[in-house]
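Novice:
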Amino acid sequence: MKWGNEAIAGYAQYFHLAAWLIPSAKSIAVLALSSVDGDPVAGVCYVGNQSLENLRGFVLAPLVVYLFTGSLFLLAGFISLFRIRSVIKQGGTKTDKLEKLMIRIGIFTVLYTVPATIVIACYIYEQHNREAWERAQSCSCPGDPQRPKPDYAVFMLKYFMCLVVGITSGVWIWSGKTLESWRRFTARCCRARKPVGASVCGEA
Numbered sequence: 583m584k585w586g587n588e589a590i591a592g593y594a595q596y597f598h599l600a601a602w603l604i605p606s607a608k609s610i611a612v613l614a615l616s617s618v619d620g621d622p623v624a625g626v627c628y629v630g631n632q633s634l635e636n637l638r639g640f641v642l643a644p645l646v647v648y649l650f651t652g653s654l655f656l657l658a659g660f661i662s663l664f665r666i667r668s669v670i671k672q673g674g675t676k677t678d679k680l681e682k683l684m685i686r687i688g689i690f691t692v693l694y695t696v697p698a699t700i701v702i703a704c705y706i707y708e709q710h711n712r713e714a715w716e717r718a719q720s721c722s723c724p725g726d727p728q729r730p731k732p733d734y735a736v737f738m739l740k741y742f743m744c745l746v747v748g749i750t751s752g753v754w755i756w757s758g759k760t761l762e763s764w765r766r767f768t769a770r771c772c773r774a775r776k777p778v779g780a781s782v783c784g785e786a
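583 is the number of the first residue of the sequence shown in my numbering; add one for each residue after it.
1. Let me make sure I understand the geometry here. Which of ALA624, CYS772 and PHE767 has the alpha-carbon closest to that of MET738?
2. Would DSSP call CYS721 helix, strand or coil?
3. Skipping 5 residues on each side, what residues in its chain have a beta carbon closer than 7 angstroms to that of ARG766?
4. Alpha carbon to alpha carbon, how far is TRP754 from CYS821? Give it in angstroms, no decimals.
5. If VAL641 and VAL629 are in contact, beta carbons under 8 angstroms, what's the gap, nearest whole angstrom?
6. Does the ligand ADP have even one heavy atom less than 8 angstroms from the beta-carbon of ALA607?
7. Going by beta-carbon coordinates alone, are LEU649 and ILE689 separated by less than 9 angstroms?
8. List the whole-angstrom C-beta distance separating PRO697 from VAL736, where the pair is believed to meet the contact cut-off of C-beta under 8 angstroms.
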């Protein structure tokens, strides 16, 4: 497989189509089936908080598919990068930049895959035990010591990891070039404001 800019750019329209079409189809299906409900712990609206079918169909299954598909792409990318690295080394050229890129991809893989896997595990724990929790709550014997109860820490871990996945995704754009781009942008904005004041002072 070729992973150069030109090769990937040829499939850019398909990537954009998938990135927009799949979430749009899911959102339309969720709204059409009235699957949005309230989270009894966090108090926010989400999908699958009251219905196990919605949790499995709209949350758990897509997360597993996305994680599996993303892992396949990352694995294919790593294999391709290792092949390119070996070819470059055989040619006697330095591979410092390529190795830095591989390290960045590896860090991103760990920082994204681990939280995403933990979120999936928390959802599996929830969908596996929710019926027992609901039956225990409706039982008329509150003093039963064997009554199953949800682990509050698991829910807090789920919320935390959901946020961490988004934060760690920013690692990919955290680089010297990004900081330099923002520095140039802010400097350009400041320069655009200065001539107005300078011209006023000059006229005075």
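The C-beta atom is built at its ideal place from N, Cα and C for all residues, glycine as well.
Specialist: Concretely, from the data shown:
1. Per the C-alpha coordinates, the member of ALA624, CYS772 and PHE767 positioned closest to MET738 is ALA624.
2. CYS721: coil per DSSP, three-state reduction.
3. In its own chain, leaving out the 5 sequence neighbours on each side, no residue places its CB closer than 7 angstroms to the CB of ARG766.
4. Shown here, the chain extends from 583 to 786; a query on residue 821 therefore has no answer.
5. The pair is a contact, with the Cβ atoms about 6 angstroms apart (cut-off 8 angstroms).
6. No copy of the ligand ADP appears in this structure; indeed no ligand is present at all.
7. Not closer than 9 angstroms, so no.
8. The Cβ separation is near 14 angstroms, so there is no contact.
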